[in-house]
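Asker: Chains as they are written, first to last, in this note's numbering: chain Y, 151 to 609; chain X, 151 to 609.
What follows is the structure in C-alpha cells.
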C-alpha cells in the first residue's frame, strides 16, 4: 500500500476513503476499479485530501451523480475518484432573499422539492433529476427544458465554493444577486467539468413558484414559420413562456409508430410540432392570455393545427411524447448529438446533414428534436452500425456541417472525453490556448480530471 | 520621441494614434495628458498595437464612454489610453435569432434604439446610456433598473471578442444561447474592468419588445412588509415584473423638499416607497393582471397607500422622482455608495450605519434608495465635509458593517481604483490570490489597466 493511500485512509477513515475490496460494490467503480475513492464529509476534509493528492502528484476524478453523457466522470485504474455523495445536505433555505445553500452532493430533485415546499422554485430541470447532483449540474453547466426563460445552471447560482488542485478553498458563498467586486471566480468552476476545481457548495437563486401552467402542442408547416412562431409567442406571452420545444416529423412519427401508448393529439402528417408552455402567477389572467395568444397565432396562419391541454393529464400526455426516449432507443445502434446552430442557419444545417447521411447510408433514420427556443437540437442518427469507423464518419458529417454555420458541438452536455477530438470545430486555436493557460495556472501538475475537455502537456 | 510612439504612429496613422499637442483637445485627456492615445479602427489594428505595447512593456488603459464611477478608466502620464471610439459600428442585427453584433465603442443608447426599430429590446438600461459604450458596460458588468428581470450585462452576451495583453485575439463571436464547449472564456473579460483583456466586439442577446408597461408607486409601513411585497409582487406578476425600486423616506422627502418640480403622488410621511413596474406582451391582459395584483396587495394590508400610473406622463412623473439626482447632489459634499446586502440583513444593516453615523456626525444626511429587487442599495452620506480623513471614516462605517452581514462593497459599479483598498471586505485572501493568479497568467507583465481592481507585484 502506498504512502498516499495510507495517508488518505488515516485522514478520512473508513467511510471517507475506500480502497481495495471496499471499492467493488460501489457504483462509482462499476466499470473501472480506481486506486481509491475519496468520500469527503466536508469541504475541509476534501481540502486536506487534495493537499495529499497534490503532493503525491495523484490524479483525481470528481463525480456527482454520474449521469453525464460525455464520459467526463470516467476514471482510469491509476486515478482516485472523488465522490461528493456524503456532502448531501441542504444547509439552509431563506424565503425572503429566496436563496438556498446546498452541498454539492444533493440530488437536483431534492433541491427542487425543498424549494417547492416553501412555495418557491429552482427552475433547472432535466430527465436525470433524481440522480444527478447539483454539484454535477453546476460543473457541467446543465441546461434542460426551461432555459428559454430561466437560463442555464450558470444563471441560477449566486455563490459558490470550490477546492483547487492544491487544496486551497475558494469560498464565494455570497447570497446577493449583484456582486461586482473583482473577477467573478465562480464562472471558472461552472461548466469546466471538474478540471479547474471541485465544487463543494453553492448558494442557489430561487424563483417564485408558478401558479398557472398552460401547454399547447401546435403543428407548423415550415421551418420559417417555426422561427416566426418562436418570436411571436415569446412576445405575446410577455416573459411567461417557459418552454418552446420542437419535434421534427421524424421524431413525432417515430414515437407514435413505436407503440400505441400515446393518444395522438395531432395527426402525423405535419413537418414540425411545437410544445409551447407558459408559467405564471395568476391562473385566470394567464389562462386568458395564453388562449388569446394561441388564437392570434392560429389566425395569423402560422399554426396549421393545435391542441391546448385542458387538464394536467392532457399536459402530461403532450410531454410524454417529447420525453419518450424508449422509441428512440429502439433504433439502437444509434449516435446521439447535442448541437446548437444559429436559428437562421438551422434549416439548411439539417438539410445538409440529411443529404450527406442519405448519400452514405440510404437506409438510415435521422431524428431531430430539441430546445429550439435556445437554438439547441438533439440529432439522433441510426445507420445500422455503431462501429468506430461508422461513428467517426457520422460525427464528421454532423459536426463538420456546424463549422461554417458557427454552430457548437455541445449545447448542454459538455465536452468530457467524448467530444474533445472535435473541440476545434467550435473553438479557435487562440481560445484553446487560453483554456490551456488557465488550466496550467490553476492546476499546474494537471491532477484535476486529466484528459477531459482539453489535453495539456504536463503531469 | 520613443521608438514605441513612432511605431504606433506608423502603424495607426494620424487618426489611429494621437500624441503630443493632438491630445490636448481630446476628452480622454481632460484630467491627465497620457503618453498617447490609441484609437483603433479594427480588432486587428488593436491587436498589432498591443503587440508593440507588450514588447515595450508599455502600460495601457482601455476606455469606453468614461462614465464609470470608480476611476477604472483613469490613466497616468506614463500610460497610453486605448479608446474604442472609432470601433462604433453595429455590424448586424438578426431578428430571427434575436441577436446583434456590435463593436465595443457603440453607445448603449444606440444599441437600444437599433433593437427597438426592429421591434426588439436590449434590456440593459442606465442613466449614462447616451455616453456609456457597450464595451464599457460589458467590461464593468453594468447593472441598472431592470436587473430583477433580465440580469446584469453579463447575462445579455452570447459571444465576445477581446484582445489580450500580448495582442492575441480571443474571438468567441458565437450567436447561440447554449454553448458548453469548454471554458466559458467570455466570463473572464466581462466585469474584469479591462485588466485581463480589451473587449472589442460582442454578440448581444435581444428580447421581444414589450407592448404593455404598468407602473405603480406604493407606500409601505415597514421593511419587513417591503420584502414580503417583493416576493408577492414577483409571484403575482408571473415573470413580468421588470423593476422593484425602493426609496427610503429619507430619499423621497429629500427629493420633494428640494424643489416643487414634482407633483407629489403620495404624502411624505411613509417610511418606504416602492416603484413596481411590469412589462408584457398583451396590453389588455397585462393591465388587468397588474391591477388585480395591486388590488390583492392592497387588500392584504402590505401596501399602505398606492397610485397607479394611468398615462405615460404619470409614469414619467413617478420615475422622475427616482431619477432626480439633482436634489441629492445639492447636499454636496457627499459620499455615495453602491452596496449589496442579503435582504434578511438589510434593515439591520441600515440601522447599524445610521447609528454609527449619527454618533459621529449628529448633523448628517443619510439617504437610501436603490434596486431592492436585487438586494442592491445606494447609500448617500453627507456630513458637511469630504476631507480624506472624513471619507475614510465614513467608508469604514458603510463598508465595515457589510463584513459580518456578507454584503458586498460594489453591487454594480465595480472596484476600479476607488474601492480597491476595501476589496478584502467582500473577498477572501484565497479569492484575491486566485485573482492574482489569473491576472499573472493572462497579463504576466501587468500592462493592462495597472492598479485597477487588484495590485500585483510585477511590471
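By construction, the Cβ of each residue, glycine as well, lies at the ideal position given by its N, Cα and C atoms.
Using only CA atoms, which one of Y/262, Y/271, Y/531 and Y/154 lies nearest to residue 547 of chain Y?
Answerer: Here residue 547 of chain Y corresponds to residue number 397 of the first chain, with the count starting at 1. Comparing Cα positions, the closest option is Y/531.
Asker: Pairs of beta-carbons, one from the region 247-259 of chain Y and one from the region 352-362 of chain Y, closer than 8 angstroms: are there three or more?
Answerer: Yes, since at least three Cβ pairs between the region 247-259 of chain Y and the region 352-362 of chain Y fall closer than 8 angstroms, the two stretches touch.
Asker: Just how far apart, CA to CA, sit residue 236 of chain X and residue 167 of chain X?
Answerer: For the purposes of this step, residue 236 of chain X is identified with residue 86 of the second chain, where counting begins at 1. For the purposes of this step, residue 167 of chain X is identified with residue 17 of the second chain, where counting begins at 1. Their Cα atoms are separated by approximately 11 angstroms.
Asker: Just the chain Y side, please: which residues come within less than 8 angstroms of residue 563 of chain X by C-beta, in chain order?
Answerer: Counting from 1 along the second chain, the entry for residue 563 of chain X is found at position 413. Simply 330.
Asker: Is the Cβ-Cβ distance between residue 230 of chain X and residue 203 of chain X less than 8 angstroms?
Answerer: To locate residue 230 of chain X, count along the second chain from 1; it is residue 80. To locate residue 203 of chain X, count along the second chain from 1; it is residue 53. Contact flag set, yes.
Asker: Determine the direct distance from the alpha carbon of residue 576 of chain Y to that of residue 602 of chain X, and round the result to whole angstroms.
Answerer: Taking the second chain and counting its residues from 1, one reaches residue 602 of chain X at position 452. Taking the first chain and counting its residues from 1, one reaches residue 576 of chain Y at position 426. Each residue's alpha carbon lies about 33 angstroms from the other.
Asker: Looking at residue 535 of chain X and residue 492 of chain X, is the spacing between their C-beta atoms short of 8 angstroms?
Answerer: The residue given as residue 492 of chain X occupies position 342 in the second chain. The residue given as residue 535 of chain X occupies position 385 in the second chain. Contact flag unset, no.
Asker: Looking at the structure shown, is residue 394 of chain Y part of a helix, part of a strand, or coil, going by DSSP?
Answerer: For the purposes of this step, residue 394 of chain Y is taken as residue 244 along the first chain, with counting starting at 1. Looking at residue 394 of chain Y - three-state DSSP - the assignment turns out to be strand.
Asker: I need the boundaries of the alpha helix (DSSP H) containing residue 302 of chain X, first residue and last residue.
Answerer: Walking along the second chain from the start, residue 302 of chain X turns up at place 152. Where residue 302 of chain X is concerned, there is no enclosing alpha helix (DSSP H), given that its DSSP letter is neither H nor E.
Asker: If you draw a straight line from the alpha carbon of residue 498 of chain X to that of residue 300 of chain Y, how long is it in whole angstroms?
Answerer: As a working note, residue 498 of chain X is residue 348 in the second chain. As a working note, residue 300 of chain Y is residue 150 in the first chain. Their Cα atoms are separated by approximately 31 angstroms.
Asker: Which chain X residues are close to residue 324 of chain Y, counting only those with a beta carbon under 7 angstroms from its beta carbon?
Answerer: Translated into positions along the first chain, residue 324 of chain Y becomes position 174. Chain X residues near residue 324 of chain Y: 556 and 558.
Asker: Residue 365 of chain Y lies in the alpha helix (DSSP H); which residues open and close that run?
Answerer: Here the question's residue 365 of chain Y lines up with position 215 in the first chain. That residue, residue 365 of chain Y, is in no alpha helix (DSSP H); its beta strand (DSSP E) goes 362-370.
Asker: Which stretch, first to last residue, makes up the alpha helix (DSSP H) that contains residue 565 of chain Y?
Answerer: Residue mapping note: residue 565 of chain Y aligns to position 415 of the first chain, counting from 1. Note, residue 565 of chain Y: premise wrong, no alpha helix (DSSP H); not H, not E.
Asker: Strictly by DSSP, which residues pair up with residue 272 of chain Y?
Answerer: In the first chain, residue 272 of chain Y corresponds to position 122, counting from 1. Residue 272 of chain Y is not bridged to any residue.
Asker: In whole angstroms, give me the CA-to-CA distance for residue 176 of chain Y and residue 428 of chain Y.
Answerer: Reading the first chain from its first residue, position 26 is the one you call residue 176 of chain Y. Reading the first chain from its first residue, position 278 is the one you call residue 428 of chain Y. Distance between the alpha carbons of residue 176 of chain Y and residue 428 of chain Y: 42 angstroms.
Asker: Along the chain, where does the beta strand (DSSP E) that runs through residue 187 of chain X open and close?
Answerer: As a first step, residue 187 of chain X is located in the second chain; it is residue number 37 there, counting from the start. 186-188 is the extent of the beta strand (DSSP E) around residue 187 of chain X.
Asker: Alpha carbon to alpha carbon, how far is residue 205 of chain Y from residue 608 of chain Y? Give it in angstroms, no decimals.
Answerer: Residue 608 of chain Y sits at position 458 when you count from the first residue of the first chain. Residue 205 of chain Y sits at position 55 when you count from the first residue of the first chain. Confidence at residue 608 of chain Y is low in this model, with a pLDDT of 46, below 50, so the placement of that residue should be treated as unreliable; the coordinate-derived value is given next. Answer to the nearest angstrom: the Cα atoms are 15 angstroms apart.
Asker: Would DSSP call residue 429 of chain Y helix, strand or coil?
Answerer: Here residue 429 of chain Y corresponds to residue number 279 of the first chain, with the count starting at 1. The answer is strand: DSSP assigns residue 429 of chain Y an E or B state.
Asker: Out of X/437, X/579, X/312 and X/153, point me to the one whose CA is closest to residue 255 of chain X's CA.
Answerer: Here residue 255 of chain X refers to the residue found at position 105 of the second chain. Closest option to residue 255 of chain X, Cα to Cα, is X/312.
Asker: Pick helix, strand or coil for residue 351 of chain X, following the three-state DSSP scheme.
Answerer: Mapped onto the second chain, residue 351 of chain X falls at position 201. Looking at residue 351 of chain X - three-state DSSP - the assignment turns out to be strand.
Asker: Give me the chain X residues within the contact set of residue 425 of chain Y, using Cβ-Cβ distance strictly less than 7 angstroms, ordered along the chain.
Answerer: Taking the first residue of the first chain as 1, we reach residue 425 of chain Y at position 275. Here the premise fails: no neighbours, minimum Cβ distance about 18 angstroms.
Asker: If you reduce the DSSP assignment to three classes, tell me which class residue 176 of chain Y lands in.
Answerer: Here residue 176 of chain Y is taken as the residue at index 26 of the first chain, counted from 1. Note: residue 176 of chain Y maps to coil in three-state DSSP.
Asker: Give the C-beta separation of residue 370 of chain Y and residue 379 of chain Y to the nearest angstrom, bearing in mind that I take them to be a contact with Cβ-Cβ under 8 angstroms.
Answerer: Taking the first chain and counting its residues from 1, one reaches residue 370 of chain Y at position 220. Taking the first chain and counting its residues from 1, one reaches residue 379 of chain Y at position 229. Residue 370 of chain Y to residue 379 of chain Y, Cβ: 6 angstroms. Contact.
Asker: Measuring alpha carbon to alpha carbon, tell me which of Y/494, Y/207, Y/317 and Y/328 ends up nearest residue 564 of chain X.
Answerer: Residue mapping note: residue 564 of chain X aligns to position 414 of the second chain, counting from 1. Per the Cα distances, Y/328.
Asker: Between the Cα of residue 373 of chain Y and the Cα atoms of Y/501, Y/539, Y/570 and Y/239, which residue gives the shortest distance?
Answerer: If you number the first chain from 1, residue 373 of chain Y lands on position 223. It is Y/501 whose Cα lies nearest to the Cα of residue 373 of chain Y.
Asker: Determine, using beta carbons only, whether residue 289 of chain X comes closer than 8 angstroms to chain Y.
Answerer: Within the second chain, residue 289 of chain X is the residue found at index 139, counting from 1. Chain Y contact via Cβ: absent.
Asker: Provide the residue span of the alpha helix (DSSP H) that contains residue 526 of chain X, from first to last.
Answerer: The count along the second chain starts at 1 and reaches residue 526 of chain X at position 376. Residue 526 of chain X -> not in any alpha helix (DSSP H); beta strand (DSSP E) instead, spanning 526-532.
Asker: Count Cβ pairs between the region 470-481 of chain Y and the region 470-480 of chain X that sit closer than 8 angstroms; are there 3 or more?
Answerer: No, the region 470-481 of chain Y does not touch the region 470-480 of chain X.
Asker: Work out the CA separation of residue 285 of chain Y and residue 172 of chain Y for me, nearest whole Å.
Answerer: Here residue 172 of chain Y refers to the residue found at position 22 of the first chain. Here residue 285 of chain Y refers to the residue found at position 135 of the first chain. Each residue's Cα considered, the two are about 25 angstroms apart.
Asker: Do residue 324 of chain Y and residue 270 of chain Y count as a contact pair if the criterion is CB distance below 8 angstroms?
Answerer: In the first chain, counting from the first residue as 1, residue 270 of chain Y sits at position 120. In the first chain, counting from the first residue as 1, residue 324 of chain Y sits at position 174. Not closer than 8 angstroms, so no.
Asker: Measure from the C-beta of residue 163 of chain Y to each C-beta in chain X and report whether the shortest distance is under 8 angstroms.
Answerer: For this step, residue 163 of chain Y is matched to residue 13 along the first chain. No, residue 163 of chain Y does not count as interfacial toward chain X.
Asker: Starting from residue 251 of chain Y, trace the beta strand (DSSP E) both ways and give me its first and last residue.
Answerer: By one-based count along the first chain, residue 251 of chain Y stands at place 101. Note, residue 251 of chain Y: beta strand (DSSP E), 249-253.
Asker: Any contact of the region 333-353 of chain Y with the region 407-426 of chain Y, i.e. 3+ C-beta pairs under 8 angstroms?
Answerer: Judged by Cβ distances under 8 angstroms, the region 333-353 of chain Y makes no contact with the region 407-426 of chain Y, as fewer than three pairs qualify.
Asker: Ignoring anything shorter than 3 residues, give me the beta strand (DSSP E) runs that lie fully in the region 257-339 of chain X, in order along the chain.
Answerer: The qualifying runs are 307-313 and 319-322.
Asker: Anything in the region 235-265 of chain X with a Cβ closer than 8 angstroms to a Cβ of chain Y? List those residues in chain order, please.
Answerer: Result list: 244, 245, 246, 247, 248 and 249.
Asker: Let me know the alpha helix (DSSP H) ranges lying completely inside the region 466-499 of chain Y, each 4 residues or longer, listed in chain order.
Answerer: Entirely contained in the region 466-499 of chain Y, the alpha helix (DSSP H) runs reaching 4 residues are, in chain order, 476-479.
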